[in-house]
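Trainee: Sharing a structure below in structure tokens format, with a few things to ask.
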Amino acid sequence: MSTKFPLDKIRNIGIMAHIDAGKTTVTERILYYTGKVHKMGEVHEGSATMDWMPQEKERGITITSASTTLYWKDNRVNIIDTPGHVDFTMEVERCLRVLDGAIAVFCAVGGVEPQTETVWRQAGTYGVPRIAFINKMDRTGADFYHVVKMIQDKLIHTKPELPHF
């Protein structure tokens, strides 16, 4: 691919959430399904592409934001995986300033957790459009509709149209 892209074909997308919601795992899947990597890295194995620091591999958490570039349908997409631990809130805030949009990852069991509320509001402060991704639907106790209600009540205070399964 050419290294020159028109600005209207470049997107900076952040992944944000509370610690252990699955941000890095979701990012690994995005990288795999877009062809950026040919093997999915796993956080628990220390092989996640975006967790590059030895401390991140040891602890299984993201400490610093990491970015990578992928290409999708003639677009250049810069993915930024942000930390979820409250101690690294300022790291997330720095990233929000350059984002075109963010994916907020929610655990289907835990729902809206404190750090998710913090980063959601920070994104609003910087005018970053957000989309909710409910992760870990395979876990015991997962409840999609309960998490959507939590998002409505705690974050957006409106009722979006829900799919009926």
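The sequence shown: position 17 = 35 (this note's numbering), numbered continuously.
Cβ atoms here follow ideal geometry from the backbone N, Cα and C, with glycine treated the same way.
The model shown is predicted, which means the values in this text are computed figures rather than measured ones.
Using 8 angstroms as the Cβ pair cut-off and three pairs as the minimum, do the segment 116–136 and the segment 20–38 touch?
Mentor: As far as the Cβ criterion goes, the segment 116–136 touches the segment 20–38, which means the pair count is three or higher.
Trainee: Tell me, please, whether the segment 160–168 touches the segment 124–144 by the rule of three or more beta-carbon pairs shorter than 8 angstroms.
Mentor: Yes, since at least three Cβ pairs between the segment 160–168 and the segment 124–144 fall closer than 8 angstroms, the two stretches touch.
Trainee: Pull up the DSSP beta-bridge partners for M34, would you.
Mentor: Beta-bridge pairing links M34 to A122.
Trainee: Excluding the 5 residues flanking K154 on each side, which residues of the same chain have their C-beta closer than 7 angstroms to its C-beta?
Mentor: So the qualifying residues of the chain are G40, C125, A126, V127, A160.
Trainee: Leaving aside the five residues before and after G111 along the sequence, list all residues of the same chain whose C-beta is less than 6 angstroms from its C-beta, in chain order.
Mentor: First, the residue type needs correcting, since residue 111 is Glu and not Gly in the sequence shown. Closer than 6 angstroms at Cβ, skipping near neighbours: Q140.
Trainee: Leaving out five residues before and five after D99 in sequence, what residues of the same chain have Cβ atoms less than 7 angstroms from its Cβ?
Mentor: I33, K41, T42, T45, M68, T80, S83, A84.
Trainee: How is F106 classed by DSSP in three states: helix, strand or coil?
Mentor: In this structure, F106 counts as helix in the three-state DSSP scheme.
Trainee: In terms of alpha-carbon separation, which member of D156, R157, I48, I149 lies closest to N96?
Mentor: Selected option, being the one with the closest Cα: I48.
Trainee: Since Y89 is in the beta strand (DSSP E), which residue starts that stretch and which ends it?
Mentor: Per DSSP, Y89 belongs to the beta strand (DSSP E) from 84–90.
Trainee: Flag this pair as yes or no: are the beta carbons of L173 and E131 separated by less than 8 angstroms?
Mentor: No, they are not a contact pair.
Trainee: DSSP on A39, reduced to helix/strand/coil?
Mentor: The answer is coil: DSSP assigns A39 none of H, G, I, E or B.
Trainee: Which whole-angstrom value describes the C-beta separation of R94 and K27, a residue pair presumed to lie in contact below a C-beta threshold of 8 angstroms?
Mentor: Sure, about 6 angstroms apart at Cβ, within 8 angstroms.
Trainee: What do you get for I149, buried or exposed, if any count of 16 or more other CB atoms within 10 angstroms of its CB means buried?
Mentor: Looking at its Cβ environment, which holds fewer than 16 other Cβ atoms inside 10 Å, I149 is exposed.
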